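Structure record follows, encoded as C-alpha cells.
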Amino acid sequence: MQKRILTFLLTSCLSFMSIKVMALTCGDNLTKNTVESNNYIFQILDYIDSPIKGIKQEVRNSTTKLGSDSDVNSTTAKHTLMYDSNGLITQSHYDLYSEKDIRIYSEHLQKNKSGWENIIEDAEDKTNSIIQFSTDEQGKIVLSQQTKKAADFVFVETDNYMYDTNNCLINKNVQWQLKEIDENGQYTGTEQKGASTYTFEYQNQQLAKVLYQFSNNMKNESDFSYQYDNEHHRLMSIDSSYLSAGKEAAHYVTKFLTFNEKNDWLTASKVKNNQGGKQTTVTRELTYY
C-alpha cells in the first residue's frame with residue numbers, strides 16, 4: 000500500500016509541475032483574459048490551449064507514440080469540446096484508449112449552476128475524481144476542489160486563484176491532503192499534507208514563465224517561447240521547458256502544421272524530448288457559430 004501511495008504522490012507532484020501547452024495571454028481585453036484563464040485552469044489532459052474565435056464545437060483526434068518506429072506504446076484519444084460565443088469551454092469530453100483499444104482514462108467537464116464540474120475516471124490508477132470549479136461575479140474561476148478516491152486512500156486538493164486588474168491569472172495556491180483508508184473504507188489515521196504556490200509571469204502579453212514554490216522548499220519553473228508567422232498573423236509553435244533545480248527536466252515542442260481560411264489550426268504535433276521521443280499528432284474538426 001505504501002509503495003502505491005508513494006507512486007501516486009510522485010505522479011501527482013509531476014502533474015502539478017507538468018507543462019501545459021498553451022497560448023495564455025494577458026492583454027487589455029478583460030473578457031478574453033478571463034476566458035483564456037478559465038480554459039487553462041480546467042487542465043484538461045493533453046489539451047492544446049489556443050485562442051477560440053467563433054468556434055461552437057470541435058472534435059480532436061490524437062495519436063501518441065513513444066518512439067518513432069513502434070506502435071507498442073501508442074495511445075489514441077478523442078476529445079469533443081463545446082464553447083460559448085466568447086470561446087469559453089462549456090463542455091468537454093475526453094477519452095483515452097490503449098493500443099488494444101481499451102479505454103484507460105476519461106474526463107467529462109460540464110458547466111453547472113456554480114461553475115463547472117469535471118468527472119475523471121482513471122482505469123490504470125484505479126481512481127475516480129470529481130473536481131468542482133467555482134467562479135466570482137465576473138465569471139473568473141477563483142476556487143477548485145478535487146476529491147480523488149482509490150481503494151486505499153482519499154486525496155483532497157483545494158486550489159485558489161488570483162488575478163490582476165485585467166483579469167489575468169497571476170497566482171495559484173494549492174493545498175492537498177492524502178488520507179489512507181483500509182479495506183472497509185475507514186480512515187487508518189495515517190495522512191500526508193502538502194502545499195504549493197504557482198506564480199505566472201507574462202512578457203509581451205504572452206505567458207513567459209511559471210514559478211513553483213513547494214512546502215518542502217523546492218523551487219522549480221517552466222519557461223515558454225513562441226514563434227509567429229507575422230505575414231499571416233498566426234502562432235506557429237510553442238517551445239516549453241520545465242526546469243528542476245536549475246536543470247532541464249522536460250522539454251516540449253508544439254508545432255501547428257496546417258490552418259483553415261479563418262487562420263485556425265487543423266493539425267498539430269507535440270514532442271516531449273525527454274521521453275524517448277514521445278510524439279503526439281492531433282487533428283481538429285471545427286464547427287463555427
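FYI, in numbering that gives the first Met the number 0 the residues of the sequence shown are 0 to 288.
Here a beta-carbon is modelled for each residue, glycine too, at the ideal position from N, C-alpha and C.
All of these numbers come straight from a predicted model, not from anything done at the bench.
Contact under 9 Å by Cβ, residue i with residue j
i, j, result
"Asn259", "Leu285", "yes"
"Lys269", "Thr279", "yes"
"Asp158", "Gln174", "yes"
"Lys178", "Thr164", "no"
"Phe41", "Asn166", "no"
"Asn272", "Tyr241", "no"
"Ser97", "Thr74", "yes"
"Tyr93", "Leu23", "no"
"Asp222", "Ala244", "no"
"Gln145", "Ser133", "no"
"Val58", "Thr30", "no"
CA-to-CA distance, residue j to residue i, given in whole angstroms
i, j, result
"Asn60", "Asp228", "25 Å"
"Tyr251", "Ile47", "12 Å"
"Leu256", "Lys55", "22 Å"
"Ser113", "Glu230", "43 Å"
"Met16", "Tyr211", "At Met16, the pLDDT of 42 sits below 50, so the modelled position is not reliable and the matter cannot be decided from this model."
"Lys277", "Ala249", "11 Å"
"Asp27", "Asp100", "45 Å"
"Lys192", "Asp83", "38 Å"
"Met217", "Tyr197", "12 Å"
"Glu247", "Val155", "30 Å"
"Ser239", "Lys254", "12 Å"
"Leu142", "Ser224", "28 Å"
"Lys110", "Met81", "10 Å"
"Ile51", "Ser236", "17 Å"
First and last residue of the uninterrupted beta strand (DSSP E) at residue i
i, result
"Leu206", "Gln205 to Phe213"
"Gly188", "Tyr186 to Gln202"
"Met81", "Thr74 to Tyr82"
"Ile101", "Here Ile101 belongs to no beta strand (DSSP E), and DSSP marks it neither H nor E."
"Gly114", "Gly114 to Asp121"
"Tyr288", "Where Tyr288 is concerned, there is no enclosing beta strand (DSSP E), given that its DSSP letter is neither H nor E."
"Leu256", "Lys246 to Phe258"
"Leu65", "Ile54 to Leu65"
"Met235", "Arg233 to Ser243"
"Thr89", "Ile88 to Tyr96"
"Gln137", "Here Gln137 belongs to no beta strand (DSSP E), and DSSP marks it neither H nor E."
Minimum C-alpha distance to residue i - residue among the options
i, options, result
"Leu168", "Asn32, Asn28 and Asp27", "Asn32"
"Met298", "Lys139, His232, Phe152 and Glu247", "Missing from the structure shown is residue 298; the chain here goes from 0 to 288 and no further."
"Lys77", "Asn216, Leu87, Asp151 and Thr63", "Thr63"
"Asp337", "Trp264, Lys110 and Tyr186", "As shown, the chain starts at 0 and ends at 288. That puts residue 337 outside it, with no answer to give."
"Gly53", "Gln176, Lys110, Leu65 and Ile88", "Ile88"
"Glu120", "Asp135, Lys110, Lys148 and Gln109", "Lys148"
"Ser91", "Ser195, Trp115 and Asn85", "Trp115"
Limits of the alpha helix (DSSP H) - the one that residue i falls within
i, result
"Ser36", "Leu29 to Ile40"
>> I'd like to know if the segment 125-141 and the segment 95-104 are in contact, where contact means that at least 3 CB-CB pairs between them fall below 8 Å.
In response: Result no; under three Cβ-Cβ pairs closer than 8 Å.
>> Closer than 8 Å is the cut-off here; do at least three beta carbon pairs connect the segment 200-207 with the segment 182-189?
In response: No, the segment 200-207 is not in contact with the segment 182-189.
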